[in-house]
Amino acid sequence: MSNLIRTIFLIALPFIFYFVSTRWGVRVAALTLLAGAGGNLILQGLQDRVLKTYAVLTALVVLVLNLLAFIFHNDLFARFIPLALGMHFFVMFFRSQFQEVTLIERIASLQKALSPEERRYCRNLNRIWVLVVFGILLLVLWAALFASLGTWTLVTGGLTYAIIGVLFVMEYIIRKWKFGDYGSGMLDRFLKRTLHPLQLRISSQPGSSASMKPSKENEHPPI
Numbered sequence: 008m009s010n011l012i013r014t015i016f017l018i019a020l021p022f023i024f025y026f027v028s029t030r031w032g033v034r035v036a037a038l039t040l041l042a043g044a045g046g047n048l049i050l051q052g053l054q055d056r057v058l059k060t061y062a063v064l065t066a067l068v069v070l071v072l073n074l075l076a077f078i079f080h081n082d083l084f085a086r087f088i089p090l091a092l093g094m095h096f097f098v099m100f101f102r103s104q105f106q107e108v109t110l111i112e113r114i115a116s117l118q119k120a121l122s123p124e125e126r127r128y129c130r131n132l133n134r135i136w137v138l139v140v141f142g143i144l145l146l147v148l149w150a151a152l153f154a155s156l157g158t159w160t161l162v163t164g165g166l167t168y169a170i171i172g173v174l175f176v177m178e179y180i181i182r183k184w185k186f187g188d189y190g191s192g193m194l195d196r197f198l199k200r201t202l203h204p205l206q207l208r209i210s211s212q213p214g215s216s217a218s219m220k221p222s223k224e225n226e227h228p229p230i
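Going by our numbering, the sequence shown opens with residue 8, and the numbers climb by one from there.
Written out as structure tokens, the structure is:
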């Protein structure tokens with residue numbers, strides 16, 4: 008439950024700051040987010056006993072930057088919160104790209120041992136995430152420095168999540184096409200009815216490569 012609360016708080020953070028600051032000022036907005044971050048940290052500690060590194064880092068970033076926004080009466084510090092949190096994701100993806108096991112592969116391997124082809128897929132996907140997160144950081148930096156508060160709210164609270172959502176959807180479809188790991192859920196059943204016949208038609212065409220043939224159902228784990 009604490010993870011869900013923290014996620015909702017982080018997603019809603021730009022909208023909360025915009026709504027409160029436009030009505031009662033930057034300091035009231037900063038105090039509101041300070042209270043939210045502090046309560047989030049306490050709930051996480053009481054429930055999980057041992058705070059995870061990322062949970063602590065997230066809470067501290069929100070606390071420190073909002074405290075600076077309150078002290079200096081400047082919303083620029085609060086605008087840097089999504090940028091600081093995004094930097095953490097970028098560093099994790101970027102560093103793992105030069106390691107033997109990427110972050111994506113580490114997550115995927117929690118399901119099952121991966122084949123060499125799946126490992127290559129994970130590394131390529133990790134590289135894509137590095138580029139996408141870097142592009143999002145540039146967009147968020149521009150919004151923090153040059154855009155109005157309303158535009159910053161739409162960028163950090165809407166556009167960035169839309170970009171991430173589109174990437175998730177595209178990757179999910181490509182993964183199903185490539186590995187054929189269709190589950191029993193409604194979406195997987197729909198994709199199986201849609202993609203599987205298309206794969207069969209393509210693989211039956213003269214000159215089509217063997218790699219285009221659909222994989223056995225459920226042969227590979229989700230990535």
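For each residue, glycine too, the CB sits at the ideal point set by N, CA and C.
Through-space distance from residue j to residue i, alpha-carbon basis
{"i": "G192", "j": "F101", "result": "33 angstroms"}
{"i": "F197", "j": "V173", "result": "18 angstroms"}
{"i": "L74", "j": "V176", "result": "37 angstroms"}
{"i": "F7", "j": "R134", "result": "Residue 7 is absent from the structure shown; the chain starts at 8 and stops at 230."}
{"i": "I111", "j": "L132", "result": "7 angstroms"}
{"i": "A19", "j": "G164", "result": "7 angstroms"}
{"i": "I209", "j": "G187", "result": "15 angstroms"}
{"i": "K185", "j": "E178", "result": "10 angstroms"}
{"i": "F96", "j": "G43", "result": "22 angstroms"}
{"i": "K119", "j": "V71", "result": "40 angstroms"}
{"i": "T39", "j": "F141", "result": "29 angstroms"}
{"i": "A37", "j": "F24", "result": "7 angstroms"}
Residue i beta carbon near the ligand FAD (any heavy atom closer than 7 angstroms)
{"i": "F105", "result": "Looking at this structure, you won't find the ligand FAD or any other ligand, since it has none at all."}
Residue i - containing alpha helix (DSSP H), residue span
{"i": "H95", "result": "L83 to Q104"}
{"i": "A154", "result": "Counting along the chain, A154 falls outside any alpha helix (DSSP H), and DSSP gives it neither H nor E."}
{"i": "G165", "result": "That residue, G165, is in no alpha helix (DSSP H); it is neither H nor E in DSSP."}
{"i": "D188", "result": "Unbroken run through D188: none, as it is neither H nor E."}
{"i": "L117", "result": "No alpha helix (DSSP H) holds L117; DSSP gives it neither H nor E."}
With 16 other Cβ atoms within 10 Å as the buried cut-off, status of residue i
{"i": "W31", "result": "exposed"}
{"i": "I15", "result": "exposed"}
{"i": "L58", "result": "Residue placement at L58 is poorly supported in this model, since its pLDDT is 45, which falls under 50; the coordinates still yield a value, given next. That one is exposed."}
Check your understanding: Taking three-plus beta-carbon pairs below 8 angstroms as touching, is the stretch 137-156 in contact with the stretch 88-107?
Key -> yes
**Study point:** Inter-stretch contact at 8 angstroms, needing at least 3 Cβ pairs: the stretch 67-82 / the stretch 113-127
**Key:** no
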